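Trainee: Under full-length UniProt numbering, the first residue of the sequence shown is numbered 1, with each subsequent residue one higher.
In this text, a Cβ means the ideal position worked out from N, Cα and C, and glycines have one as well.
Predicted model only: the values in this text are computed from it and were never measured.
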Amino acid sequence: MKHFMALSLAITYLCAVVPNGVSEEPGSEVRSKVVMASEVEWKPLNPLRGNKGPQAGTLWGDQTGTGASGFLVKFVDGFSSPPHIHNITYRGVVISGGLFNGDPKGEPMWMRTGSYWTQPVGQPHITAARGPSVAYVEIQEGPYLVLPTEKATDNGERPINLDASNIVWLDASSTSWIDQPAQASSAVGPEIAFLWGKPQKDQISGTLIKLPAGFAGKIQTPDSTFRAVVIQGQPQVKASGQADAKTMAPGSYFSSQNKAEHQIACEAEDGCMIYVRTKGKFNILQSTQPGSDQK
């Protein structure tokens, strides 16, 4: 309880002293959106399979239309698809359970929470679940279609299946994307992992953020669209422009347009993990030393 109260005070302080949308360009209004995991509306991912197949919950965009989009996919325990292909390349991050995405004849590599994979356009594969499972899936161009393997193609792309244990994390000493106070430099701080794209100005990229237990701080976003999905833990997030902080369960989503600041605190014993898609560089600013409130 003492740990929780300290974190609540920390995020309340941050919300009071930091104005929404700091350093905005004149006339550039910060627009933000929050979707709680409990508010997600589920529909069949593949209309031909209906409720017997995976269910999809749209977070942003529209995977059934044109353009980029991001959505959750929910699988029942024991699900295994027939071999199939897709008309587009997609990326995925495991939120819960265990997922296998790969060669129908291969030995399953069950990916756990925080694992990342890509599925190239036109390449035959299956998707299977061990235990009730949820993943976040992102596409650059819709619609997302499931097609028979007879229509398989090969454009040279190759799949990636990256287990959470093999992800390379960078701390404040290795990247300029994290600003950690000098007094906390020897403590466990936030970390970041670059997953795809070019993490530089005017380029879209995807990253994972890992926040330690006891973290309180903020994320400063560039003058572009910022999208974030909670992967692990239940961080308290006050999205820029929102009236109150919300405790966001895995699968929850928040976003902003134009320069913004999102206040974040993490009380989960195992820390918190957030997937971010943005154009350009964002900054993580730590305001308290993890564990400093525990006496």
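My assumption, with CB atoms under 8 Å, is that THR118 sits in contact with THR89. Please give the rounded CB distance.
Mentor: 7 Å between Cβ atoms; contact.
Trainee: Where PRO148 and ASP154 are concerned, what is the direct C-alpha to C-alpha distance, given to the nearest angstrom?
Mentor: When rounded, the distance between both Cα atoms is 14 Å.
Trainee: Using CA coordinates, which residue listed in PHE282, GLN263, LEU48 is at the minimum distance from PHE226?
Mentor: For PHE226, the nearest C-alpha among the options comes from PHE282.
Trainee: Starting from MET273, trace the beta strand (DSSP E) in both directions and tell me its first and last residue.
Mentor: First-last of the beta strand (DSSP E) with MET273: 272-279.
Trainee: Cutting at 7 Å between CB atoms, please list the residues of its own chain near LYS151, excluding the five before and the five after it.
Mentor: Contacts found: ILE85.
Trainee: Could you tell me which residues DSSP puts in a beta bridge with TRP117?
Mentor: Partner(s): GLY92, ASN161.
Trainee: Skipping 5 residues on each side, what residues in its chain have a beta carbon closer than 8 Å to that of TRP196?
Mentor: Hits under 8 Å: ARG91, THR118, SER205, GLY206.
Trainee: Report the partner residues of residue 339 according to the DSSP bridge assignment.
Mentor: Not covered by the structure: residue 339. The range shown for the chain is 1 to 295.
Trainee: Provide the residue span of the beta strand (DSSP E) that contains HIS125, from first to last.
Mentor: Run containing HIS125: none; DSSP gives neither H nor E here.
Trainee: According to DSSP, is ASN283 helix, strand or coil?
Mentor: In the structure shown, ASN283 sits in a strand (DSSP, three-state: E or B).
Trainee: Should the stretch 258-278 be regarded as contacting the stretch 211-219, the criterion being three or more beta carbon pairs within less than 8 Å?
Mentor: Taking 8 Å as the limit for Cβ pairs, the verdict is that the stretch 211-219 does touch the stretch 258-278.
Trainee: How about ILE192 and PRO235: do their beta carbons lie closer than 7 Å?
Mentor: Taking 7 Å as the Cβ cut-off, ILE192 and PRO235 do not qualify as a contacting pair.
Trainee: Apart from the five residues on each side of it in sequence, which residues of its chain come closer than 7 Å, Cβ to Cβ, to ASP62?
Mentor: Same-chain partners within the cutoff: SER69, GLY142.
Trainee: Reducing DSSP to helix, strand and coil, say where LYS52 ends up.
Mentor: In this structure, LYS52 counts as helix in the three-state DSSP scheme.
Trainee: From the DSSP output, in three-state form, read off ASN101 for me.
Mentor: The answer is strand: DSSP assigns ASN101 an E or B state.
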